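Following this note's numbering, the numbering of the sequence shown begins with 12 at its first residue and continues without gaps. Scroll down for the structure; my scribbles are underneath it.
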Amino acid sequence: MVKLSFWARCFGVGLLILLRVTAASVTASFDRGIVESGETVRFNVTLEGEQPTEVPKLPSLPLVQAIQYLGPRQMTQIINGVSSFQVVFQFQLQTRGQGELTMPSLAVTTRGGAFQTPSVNCRITPKEAKGERVSLKLVTPRDECYVGETLPYDLQLYSSVNLNQIAPPKMSFDGFVTGQEVPPSNTQTIRDGQAYIVLSYRQTATPTKEGLLSLGPATQEYVLEVNRGRRPRSLIDDFFGGGAELEKGIAEAPARQIRVKPLPVEGRPAGFSGAIGRFSVRTSVSRTNVAAGEAITVKWSVYGRGSFNSVQSPQLSLSDGLKTYPGTNGFTSEDALGLAGTKTF
C-alpha cells in the first residue's frame, strides 16, 4: 500500500495527516451500447490511482470515419482518509457502415508503469429516419437468442430541443425477466448536421420461454418549453418565464420481435446450470508438493462473456484421503452490464 504524508494547518495548529492512495486501475467504455450509422458516439478511457504520461492512442477502425480527442476530465477526492485520483480521456467517434465496432485493448502509460484496457464493443445499426423533435428508440444487438440467454438492450430518448422534465420510461417485458440496469447516460450526438441530446437506458432481459416474443413497447413522458407566438422574447419574459409555455408529450418506441430458440439437447453437458455464453477456464493450485495434513488452495477462473449469474462452482471428484472445505467466489466485471469479466472460485 502506498502512503503519502503531508503537513496541514488548521486554525494555526499543525496536523499530520496520513492518506491512503487507492490502487491503480484502467477501464474503457462507450457511452451507448448501440448506435445508428453516421452518428457520433463518445468513447472514454478512465484511469484511477495513477498520473498519466500521455494520451492513449486509438487505432484506425473500419466502422469509424473520424476520431476527435475532446480532452481530459480530472477529479481528486479524499474520503475517510483515502485519496483517489481519476482522469478520463474523452474521444468522439464518427461512425459509418454497420456491424460490431470493437475497440481493442489500449496501452495507457503512467508514471508507475503501463496498463492495458479491456476491449469493448459497440453495435452500429442501419440509419433510420428521424423527423420528430423528440423520439424514443428501442434497440437490441440481435433479434434471435436462446431461452435463458442474457440479451442487452438500449432504450434511447433523442431530443433536438431542451426538455424541461423527463419521466422514467415504461416498458413491457412479456416472457422476459430483467437484469442489471445501468444508470442512464446523458450525451450528445450529431446526425446529418443536427445536434441531438440522447438519454440512454441500458439493461438486460432474459427470455424464460421459447417462441416469438415481444420486447416492449416502451413509452416515456416529457415536458418541453415552446415559445408563445413569434414575438421576440424580452429580458422580462426570460426572467419571469412569460415568453414560453410548457407542452407535455409522450415518446413511443414499438416493440422488438425476438425469436427465442430452445437450447439444443445434443452435446449438452451433464449438470448444465444454464450459463450461456463464450467462456474459458483457467485452473491453478497454490503448491504441488505437500505433506500429509497440509492444505492446498485450488483456484478456478472462468472468463469470457455471457450469463455469469448461472456459472456455478465446479464439483470436485476426490480420491480417498482428501477432504474439502467451503470455498469462496468473486466476480470482476469488465463492462457496465456485468456480461463480460472473470468469475473466480
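Using N, Cα and C, we set each Cβ at its ideal position, and we do this for glycine too. None of these values were measured; they are calculated from a predicted model.
Q: Within its chain, find whatever has a CB closer than 7 angstroms to the CB of Arg267; leave out the 5 residues flanking it on each side and keep chain order.
A: These residues qualify, in order along the chain: Leu149, Thr151, Asp154, Leu226, Gly227.
Q | Which of helix, strand or coil DSSP assigns to Phe319 | A | In the displayed model, Phe319 falls within a helix according to three-state DSSP.
Q) Excluding five sequence neighbours on each side, which residues of the same chain lie with their C-beta closer than 8 angstroms to the C-beta of Ala351? A) Same-chain partners within the cutoff: Pro129, Gly315, Arg316, Ser344, Glu345.
Q: Run the CB neighbour count on Leu58, radius 10 Å, all protein chains shown included, and call it buried at 16 or more, exposed below.
A: The C-beta of Leu58 has 16 or more other C-beta atoms within 10 Å across all chains shown, which makes the residue buried.
Q: Name, in chain order, the residues that DSSP records as bridge partners for Leu235.
A: Leu235 is bridged to Leu174, Glu258.
Q. Considering only residues of the same chain and omitting the five flanking positions on each side of Glu139, which have a CB-CB separation below 8 angstroms?
A. Result list for Glu139: Glu47, Lys148, in chain order.
Q. Does the distance from the CB of Leu74 to the CB of Gly108 come in under 8 angstroms?
A. Yes; because the gap between Cβ atoms is below 8 angstroms, this pair is in contact.
Q) Considering only the beta carbon of each residue, do Trp311 and Thr294 sit closer than 8 angstroms? A) Yes, they are a contact pair.
Q. Considering only the beta carbon of each residue, do Ser146 and Ala262 sit closer than 8 angstroms?
A. Less than 8 angstroms divides the Cβ of Ser146 from the Cβ of Ala262.
Q) First and last residue of the beta strand (DSSP E) that includes Arg207? A) It is Tyr, not Arg, that sits at residue 207 in the sequence shown. Residues 205-218.
Q) How many angstroms separate the CA atom of Val158 from the CA atom of Leu257? A) C-alpha separation (whole angstroms): 45 angstroms.
Q: Provide the residue span of the beta strand (DSSP E) that contains Tyr157, from first to last.
A: Annotation for Tyr157: the continuous beta strand (DSSP E) segment containing it runs 155-157.
Q: Could you tell me whether the Cβ atoms of Lys181 and Thr230 are closer together than 8 angstroms?
A: Cβ atoms of Lys181 and Thr230: closer than 8 angstroms.
Q. Quick one: Cα of Thr64 to Cα of Ala125, how far?
A. So the alpha carbons of these two residues sit roughly 10 angstroms apart.
Q: For Asp165, name the three-state secondary structure that DSSP assigns.
A: DSSP places Asp165 in strand when its eight states are reduced to three.
Q. Taking Ala291 as the reference, which of Gln127, Glu305, Thr353 has the closest Cα?
A. Position check: residue 291 holds Ser in this sequence, whereas Ala was assumed. Of Gln127, Glu305, Thr353, the residue nearest in Cα terms is Thr353.
Q: Look at Gln176 and Tyr212 and say whether their C-beta atoms are less than 8 angstroms apart.
A: Not a contact, by the Cβ cut-off of 8 angstroms.
Q: Give a yes or no on whether the C-beta atoms belonging to Leu348 and Val193 are separated by under 8 angstroms.
A: Yes, the pair counts as a contact, with Cβ atoms nearer than the cut-off.
Q. The beta strand (DSSP E) spanning Gly110 covers which residue range?
A. It spans 110-114 - the beta strand (DSSP E) in which Gly110 sits, taken as one unbroken run.
Q | Own chain partners of Thr38 with C-beta closer than 6 angstroms, once the 5 adjacent residues on each side are dropped | A | Within the same chain, Thr57 come within 6 angstroms of Thr38 by CB-CB distance, once the 5 residues on both sides are set aside.
Q. Which value, in whole angstroms, describes the spacing of the CA atoms of Asn53 and Ala286?
A. Note that residue 53 is Arg in the sequence shown here, rather than Asn. Straight across, the Cα-Cα distance linking Arg53 with Ala286 is about 31 angstroms.
Q. Taking 8 angstroms as the CB-CB cut-off, is Val234 touching chain B?
A. Of the chains in the structure shown, none is chain B; there is only one protein chain.
**Q.** Start-to-end residues for the beta strand (DSSP E) that takes in Pro73
**A.** Careful: Pro73 lies outside any beta strand (DSSP E) and carries neither H nor E.
Q. Excluding five sequence neighbours on each side, which residues of the same chain lie with their C-beta closer than 6 angstroms to the C-beta of Gln76?
A. Within the same chain, and ignoring the five residues on either side of Gln76 in sequence, the residues whose Cβ sits closer than 6 angstroms to its Cβ are Gln105, Arg107.
Q) Which value, in whole angstroms, describes the spacing of the CA atoms of Pro67 and Val131? A) Here the alpha carbon of Pro67 sits roughly 15 angstroms from the alpha carbon of Val131.
Q.
In this structure, how does DSSP classify Gly123 when only helix, strand and coil are distinguished?
A. DSSP places Gly123 in coil when its eight states are reduced to three.
Q | Where Gly190 falls: helix, strand or coil (DSSP) | A | In this structure, Gly190 counts as strand in the three-state DSSP scheme.
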